[in-house]
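Note sheet for the following structure.
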Amino acid sequence: MILHYIYDPLCGWCYGAKPLVQAAQTVLPVIAHGGGMMTGANRQTVSPQLRNYVMPHDRRIAEYTGQPFGEAYFEGLLRDETAVFDSAPPIAAVLAAEQIAGRGLELLGRLQSAHYVEGRRIADEAVLLELATKTGLEPEAFQQAFNEADTERHIKDSRALLANVGGQGFPTFALEQDGQFTLIDIGPWLGKPQAFAQWLSQSLAAKESSSAFHACGLDGCAH
1 MILHYIYDPL CGWCYGAKPL VQAAQTVLPV IAHGGGMMTG ANRQTVSPQL RNYVMPHDRR
61 IAEYTGQPFG EAYFEGLLRD ETAVFDSAPP IAAVLAAEQI AGRGLELLGR LQSAHYVEGR
121 RIADEAVLLE LATKTGLEPE AFQQAFNEAD TERHIKDSRA LLANVGGQGF PTFALEQDGQ
181 FTLIDIGPWL GKPQAFAQWL SQSLAAKESS SAFHACGLDG CAH
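Oh and the sequence shown: position 108 is 108 in the UniProt record's numbering, straight run, nothing missing.
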């Protein structure tokens with residue numbers, strides 16, 4: 001089985017689910033798909049309106065998940081009206097880290113903390129290069145992979161996968177086995193990463209021990 005994780009680096013609930021992703025990686029392969037929530041016409045410069053919109057959501061995410069949000073984010077980044085929220089550069093960075101070292105999810109987690117705790121501008125290429133280097137990625141290889149990343153195509157493919165599995169937004173988690181996808185409601189597991197990992201382990205064992213089991217496809221059940 002493979003766990004598909006459709007995310008956006010500027011999605012607060014994806015940051016809330018970060019411990020679940022890390023726990024899942026101890027159980028089975030996890031593949032990340034960047035959805036591009038704030039790209040193109042949806043890119044936004046920080047403004048009082050944006051701050052007033054996201055802050056109540058972020059407070060709720062912190063309460064539900066236990067994930068920390070820093071003052072440098074609330075009182076720094078969200079008041080910096082020269083900052084731009086653009087999902088494409090951090091998605092490109094995750095693709096680059098995955099390509100050169102298989103460490104895309106690791107860098108994503110670092111970028112999420114940089115954004116939500118440290119108030120860093122993760123749409124800025126210089127910041128991405130610094131964070132990637134400090135994570136242990138080779139700077140020149142990262143820079144080249146970052147420059148060559150086909151981010152637009154990746155986002156398009158991620159959106160197609162989201163539609164295919166019936167997901168409604170970010171984050172979406174779907175288990176794949178033998179070409180069949182099963183959506184996972186992560187609501188009950190938020191803030192409970194070890195329980196999530198245990199549940200995944202049990203699901204994995206159950207599916208491996210039952211060769212007669214076949215999930216229903218999106219268009220119906222094959223017998």
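All C-beta atoms, glycine included, are put in the ideal place defined by N, C-alpha and C.
Coil, strand or helix - L183 by DSSP: Here DSSP, grouped into helix, strand and coil, assigns L183 to strand.
Range covered by the beta strand (DSSP E) that runs through G34: V30 to G34
Other residues of its chain near D80: CB distance less than 6 Å, five sequence neighbours each side excluded: The answer, listed in chain order, is V46.
Local conformation of E81 per DSSP, three classes: coil
Pick from T151, A149, L108 and R153 that is closest to L131, judged by C-alpha positions: Just measuring C-alpha positions, the residue of T151, A149, L108 and R153 sitting nearest L131 is L108.
Between the CA atoms of N164 and E63 - distance to the nearest angstrom: 31 Å
Close-in-space but distant-in-sequence residues of the same chain around G104 (CB under 7 Å, 5 per side omitted): A32, V94, L95, A97 and E98
Inter-residue spacing [alpha-carbon to alpha-carbon] between M37 and R153: 14 Å
Contact under 8 Å by Cβ, Q22 with P139: no
Paired residues, beta bridge with T172 - DSSP: I6
Buried/exposed call for G167, threshold 16 Cβ in 10 Å: buried
Closest by C-alpha distance to E125, when choosing among S158, D150 and D86: D86
Environment of H214 [buried if 16+ CB atoms lie within 10 Å]: No answer about H214 holds up, because its pLDDT of 46 lies below 50 and its placement is not dependable.
Option nearest G119 by Cα separation, candidates L183, G70, A205 and T82: Considering only alpha carbons, the answer is G70.
Test item: CB-CB of I184 and P9 under 8 Å: no
Residues sharing a beta bridge with T45, DSSP: V84
Buried or exposed by the 16-neighbour rule on C-beta atoms within 10 Å, applied to A195: exposed
Beta-carbon spacing of A197, A24 below 8 Å: yes
Reduced DSSP category for Q177 - H, G, I as helix; E, B as strand; rest coil: strand
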